[in-house]
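In the numbering used here, the protein residues as written are 152 to 419.
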Amino acid sequence: MLRPMSEPASNPLHTRQQIVENWLPRYTGVPLAEFGDYILLTNFQRYVKLFAKLHKVPIRGRDKPMPSVTAGRITLINFGMGSATAATVMDLLSAIHPKAVLFLGKCGGVKHRAEIGDLILPIAAIRGEGTSNDYFPPEVPALPAFALQKAISTTIRDFGRDYYTGTVYTTNRRVWEHDLDFKAYLKRIRCMAIDMETATIFSVGFHNEIPTGALLLVSDQPMSPEGVKTAASDRTVDTAYVEDHLRIGIASLNQLINQGLTVKHLVF
152 MLRPMSEPAS NPLHTRQQIV ENWLPRYTGV PLAEFGDYIL LTNFQRYVKL
202 FAKLHKVPIR GRDKPMPSVT AGRITLINFG MGSATAATVM DLLSAIHPKA
252 VLFLGKCGGV KHRAEIGDLI LPIAAIRGEG TSNDYFPPEV PALPAFALQK
302 AISTTIRDFG RDYYTGTVYT TNRRVWEHDL DFKAYLKRIR CMAIDMETAT
352 IFSVGFHNEI PTGALLLVSD QPMSPEGVKT AASDRTVDTA YVEDHLRIGI
402 ASLNQLINQG LTVKHLVF
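Quick look at the structure:
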């Protein structure tokens, strides 16, 4: 039986906190109390499957927009692709106030020395996506929590790997690889890499007083036609580099957990 239009909905959501506390379980299928207090974010279901396999735990919310998996105090969430969904997950995570959020993303190398399989630890992100303008004026920089990036740096070296630092340009455009003017602009601003989420995650995390960081995996070199990502090249990256990327992310959060370190900004 249809409810009359004039009848009010049950349990109306009046406040922002009520909304995010209702929506995080709705998007993930996981009750609030069952999330870890340290969060890994990804765009790809392969990371979720690998995490589940490594820890022998089930994947939850397979039929939801944001499937996840939890082991101990760490929850990994696949939030999808793009700056709008990045903002959504960071808003929803304010329901549980995690101690740290680490984004494990893929990016395109802009500078030629950033080769496929390399790791980039961004010290800042350029807000080219537009979504973050709903949270801060354009002149406010998108920055990670320094202490979190420091922990990631230490962990990368523990794994015998090296990394690049620099800025990543975050765009809301998915198809731009043909645009020569845009490529010239990327060279002019001297960014190291390009992606679709990092600046949004940093900005919305700061807005919500959630410490955020990112570790990016170079998955393609889109400045040349030969380097544009294809289905075949993406499978190669997944096979060769994704598990190491994930393990470094897990170990970085475990370093914070085991040493009892805080990564909260002194002033949000």
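Where is the CB? At the ideal position from N, CA and C, for every residue including glycine.
Between the CA atoms of residue j and residue i - distance to the nearest angstrom
{"i": "residue 333", "j": "residue 327", "result": "7 Å"}
{"i": "residue 292", "j": "residue 399", "result": "26 Å"}
{"i": "residue 259", "j": "residue 329", "result": "14 Å"}
{"i": "residue 368", "j": "residue 162", "result": "43 Å"}
{"i": "residue 295", "j": "residue 254", "result": "10 Å"}
{"i": "residue 287", "j": "residue 196", "result": "31 Å"}
{"i": "residue 345", "j": "residue 179", "result": "28 Å"}
{"i": "residue 233", "j": "residue 311", "result": "31 Å"}
Simplified DSSP assignment, three categories, for residue i
{"i": "residue 227", "result": "strand"}
{"i": "residue 212", "result": "coil"}
{"i": "residue 166", "result": "coil"}
{"i": "residue 254", "result": "strand"}
{"i": "residue 445", "result": "Shown here, the chain extends from 152 to 419; a query on residue 445 therefore has no answer."}
{"i": "residue 220", "result": "strand"}
{"i": "residue 232", "result": "coil"}
{"i": "residue 202", "result": "helix"}
{"i": "residue 400", "result": "helix"}
{"i": "residue 240", "result": "helix"}
{"i": "residue 176", "result": "helix"}
{"i": "residue 247", "result": "coil"}
{"i": "residue 414", "result": "coil"}
{"i": "residue 393", "result": "helix"}
{"i": "residue 181", "result": "coil"}
- Task: Identify every run of the beta strand (DSSP E) within the region 258 to 330, keeping only runs that are complete inside it and at least 3 residues long; order them along the chain.
- Result: Entirely contained in the region 258 to 330, the beta strand (DSSP E) runs reaching 3 residues are, in chain order, 270 to 279 and 315 to 322.
- Would you check if the region 162 to 177 and the region 241 to 251 touch, i.e. whether three or more CB-CB distances between them fall below 8 Å? Yes, the region 241 to 251 is in contact with the region 162 to 177.
- Fully enclosed by the region 330 to 387, which alpha helix (DSSP H) runs are 4 residues long or longer? Fully enclosed alpha helix (DSSP H) runs of no fewer than 4 residues occupy 331 to 339 and 349 to 358 of the region 330 to 387, in order along the chain.
- Query: Just checking, does the region 202 to 210 make contact with the region 257 to 274 on the three C-beta pairs under 8 Å criterion?
  - Reply: Taking 8 Å as the limit for Cβ pairs, the verdict is that the region 257 to 274 does not touch the region 202 to 210.
- Message: Using 8 Å as the cut-off, can you tell me whether the region 396 to 409 makes contact with the region 183 to 202, which would need three or more C-beta pairs spanning the two stretches below that distance?
- Response: The region 396 to 409 vs the region 183 to 202: in contact.
- Item | Sufficient close CB pairs (3 or more, under 8 Å) joining the region 376 to 388 to the region 345 to 356 | no
- Query: Should the region 220 to 239 be called in touch with the region 179 to 186, which here means at least 3 C-beta pairs below 8 Å?
  - Reply: yes
- Item | Touching by the beta-carbon criterion (3+ pairs, under 8 Å), the region 309 to 325 and the region 267 to 287 | yes
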